[in-house]
Amino acid sequence: DTEVTQTPKHLVMGMTNKKSLKCEQHMGHRAMYWYKQKAKKPPELMFVYSYEKLSINESVPSRFSPECPNSSLLNLHLHALQPEDSALYLCASSQDGGWGRTDTQYFGPGTRLTVL
Amino acid sequence: GIQVEQSPPDLILQEGANSTLRCNFSDSVNNLQWFHQNPWGQLINLFYIPSGTKQNGRLSATTVATERYSLLYISSSQTTDSGVYFCAVERETSGSRLTFGEGTQLTVNP
């Protein structure tokens, strides 16, 4: 099973709302990632978790708060977002290749977020 | 940071045609992956190919790490091949960071 699942598929929220995105994988991968993708642009890395610890934060604003409750789950908590945060949010997972190397990344279908 | 350039940016083919997509990168890498993003946004990993040649059905890829480029070949294209093809690389010193190119938008017409 090479599936990464994400919920919800679509999310519309106001700037004062708090919401969470969820990602799950059951491939035994120990590295999980959040990416943000704007229309007609490539994915941009936001966060990397390795063995349930945050290893990379690409200077993401604090209104995005990641959480890795266990090795299969990854959450992204959203609070006080801006309209420019509207994008496709992609989760991915991979075997940890060791020495900071990533193995093949498997992506979820994404959550399409609209901030009003 | 590392620069990743993909060409061509757009490609329109008739069904059955063959094509070659190119990815150039500016620094040594220990990881290179090709992805296909379908019109619904799903990213599918096609190849993990830091060097050498691999084939999977109608698709094949070659990476020449010493010359810092990779090629993706699509033969006998089908309408379902339409979408955006991304090359992504991980620099030797970047630690688990994949940097994506801008992609090639492929349209295959029936």
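Same order as they appear, the protein sequences are chains A and B. Residue numbers are given in this note's numbering: position 9 of the first sequence equals residue 141, and the series is strictly consecutive. Residue numbers are given in this note's numbering: position 106 of the second sequence equals residue 181, and the series is strictly consecutive. All C-beta atoms, glycine included, are put in the ideal place defined by N, C-alpha and C. Quick caveat: nothing in here was measured; it's all calculated off a predicted structure.
Let me confirm a value: residue i is counted as buried when at least 16 other C-beta atoms fall within 10 Å, else exposed. Which label applies?
i, result
"A:G240", "buried"
"B:L121", "buried"
"B:N106", "buried"
"B:D85", "exposed"
"B:Q89", "exposed"
"A:A219", "buried"
"B:V139", "exposed"
"A:M178", "buried"
"A:P215", "exposed"
Note down, in chain order, each residue of its chain lying with its Cβ closer than 7 angstroms to the Cβ of residue i, except the 5 sequence neighbours on either side.
i, result
"B:G158", "H111, Q112, N113, P114, L181"
"A:S182", "R162, A163, D228"
"B:D156", "I149, L181, V183"
"B:R133", "I149, S150, S151"
"A:V180", "A163, Y165, S187, I188"
"B:S135", "T128, K129, Y148"
"A:T139", "K154"
"A:K172", "none"
Measure the Cβ-Cβ separation of residue i and residue j and say whether it is below 8 angstroms.
i, j, result
"A:S226", "A:T234", "yes"
"B:G116", "A:G242", "yes"
"A:T236", "B:Q108", "yes"
"B:S145", "B:I124", "yes"
For residue i, which residues in the same chain have their Cβ closer than 6 angstroms to its Cβ, ignoring the five residues on either side in sequence?
i, result
"B:T128", "T137"
"A:D217", "V247"
"A:V192", "M178"
Below 8 angstroms CB to CB, which residues in the same chain sit around residue i once its five sequence neighbours on both sides are set aside?
i, result
"A:M145", "K151, L210, L213, L245, T246, V247, L248"
"A:L97", "Residue 97 of chain A cannot be examined here, being either before or after the span of chain A that is shown, 133 to 248."
"B:L173", "N106, Q108, A163, V164, E165"
Can you give the beta carbon distance from residue i to residue j, rounded, assuming they're within the 8 angstroms contact cut?
i, j, result
"A:Y221", "A:L153", "6 angstroms"
"A:I86", "B:S171", "With chain A represented from 133 up to 248, any question about residue 86 of chain A goes unanswered, as that position is not in the structure."
"A:C200", "A:E190", "With a Cβ gap of about 16 angstroms, A:C200 and A:E190 do not count as contacting."
"B:F100", "A:P175", "The pair is not a contact, with the Cβ atoms about 17 angstroms apart (cut-off 8 angstroms)."
"B:P83", "B:T179", "6 angstroms"
How would you list, in chain order, the residues of chain D whose beta-carbon sits under 9 angstroms from the beta-carbon of residue i?
i, result
"B:Y123", "Any reference to chain D falls outside this structure, whose protein chains are A and B."
Original post:
Below 8 angstroms, can you find three or more Cβ-Cβ pairs linking the region 206–222 of chain A to the region 162–180 of chain A?
Top reply: yes
**OP:** Take every Cβ of the region 79–99 of chain B, pair it with every Cβ of the region 161–173 of chain B, and state whether three or more of those distances are shorter than 8 angstroms.
**Re:** yes
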